[in-house]
Amino acid sequence: MNKKQIAVCAIVVLTMGYLYMQPVKGLVKAQDAGSKPAAAADAAQPATEVTLASVEEIARPALSAQQAQQVSTLEEKLKTASDADKANLQLEIAALWDAARQPAPAAFYYQDVAQRTSKFDDWVNAGNRFNEATRASQDAQAQQGLSAKAATAFTNATKQKPNDLEAKTGLGVAYVNGGGMPMQGIALLLDVVKQDPKNHSALLNLGMFAMKSGQYDKAVARFKTMIAIKEELEPYFYLAESYKQLGQKKEAIAAYEKCKELIGDPVEAQRIDEFIKELKK
């Protein structure tokens, strides 16, 4: 299994916990008020103050010994670096966190770069990592804090390029994840799909948010659209999960079987077999 497949498997595992952890309050109205939502979330809790130090503490064990040493060395250099050198050092540190598949600390360094440069691409890099970190987090309050930072980054990006679809998609995702503006977030994503019916990120997130709000029929439609464009592991897995939640066992098993083909790894395939076994009981 190549590195991309491994990363996708990791995303799938993390996201399934994220999907069912906390339904998105108010999301149903944005997509279809006639659909039956999942149980409403408890009253929103204040977002946890998320800092670089707090996310690094969680992420540091994922670094190899060499990566940890490199990060420490660059952080020490950063303390005494001139303003002209700081952005390059921050990008180097962010790249190390990216290599370790730890988006939260990378996001903070990209945010620092963006605040320094005010460049569109730097704001998008920061926003994308904050959204990825939100998906990876298992702490509902931390998710709110991370998604709020994503929204700020993408708001800064869209001020420069209001019609950029990547920035609009990222802002839509952040709005929904933050819990404060779910309807506006879904509206942004729907507008992206209207302009670009094959937009991978917008379709994927619309499907995931449909799952999160218990609208599995809508999720199925989104993931089938994605698969018709290109057969990939992630939408097939979520398609299988959506069919399972709808009680359509035959369709769920067929989607899981396709996941096994796309994974191409015996160990991961065994995990899929367990899901199939449960459905056949």
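Counting in the UniProt record's numbering, the sequence shown runs from 1 upward without gaps.
The beta carbon of each residue, even a glycine, is placed where N, CA and C say it ideally should be.
Being a predicted model, the structure only gives us computed values, none of them experimental.
If the five residues before and after A133 are omitted, its C-beta is found closer than 6 Å to the C-beta atoms of P103, A104, A107, L146, all from its own chain and listed in chain order. Burial check for A142: the Cβ neighbour count within 10 Å reaches 16 or more, so the residue is buried. Below 8 Å, too few C-beta pairs join the region 63-83 and the region 168-181 to call them touching: fewer than three. DSSP places P162 in the coil class of the three-state scheme, outside both helix and strand. Taking C-beta atoms as the reference points, L239 and L262 fail to come closer than 8 Å. Around the beta-carbon of D273, fewer than 16 other beta-carbon atoms lie within 10 Å, marking it exposed. Counting along the chain, R129 sits inside the alpha helix (DSSP H) bounded by residues 120-136. Secondary structure at K218: helix, using DSSP grouped into helix, strand and coil.
Distance between F237 and Y256, taken at the CA atoms: about 6 Å. Distances from the alpha-carbon of R129 to those of T158, D139, D85, A174 put A174 closest.
Between the alpha carbons of T73 and L91 lies a gap of roughly 14 Å. DSSP places A148 in the helix class (H, G or I) of the three-state scheme. I186 is positioned such that its CB atom lies closer than 8 Å to that of F209.
In the DSSP annotation of this structure, the continuous segment of the alpha helix (DSSP H) that includes V267 starts and ends at 266-279. If you ignore the 5 residues before and after N156, its C-beta comes within less than 8 Å of the C-beta of A114, S118, W123, all in its own chain and listed in chain order. Counting the other Cβ atoms within 10 Å of the Cβ of G264 gives fewer than 16, which makes it exposed.
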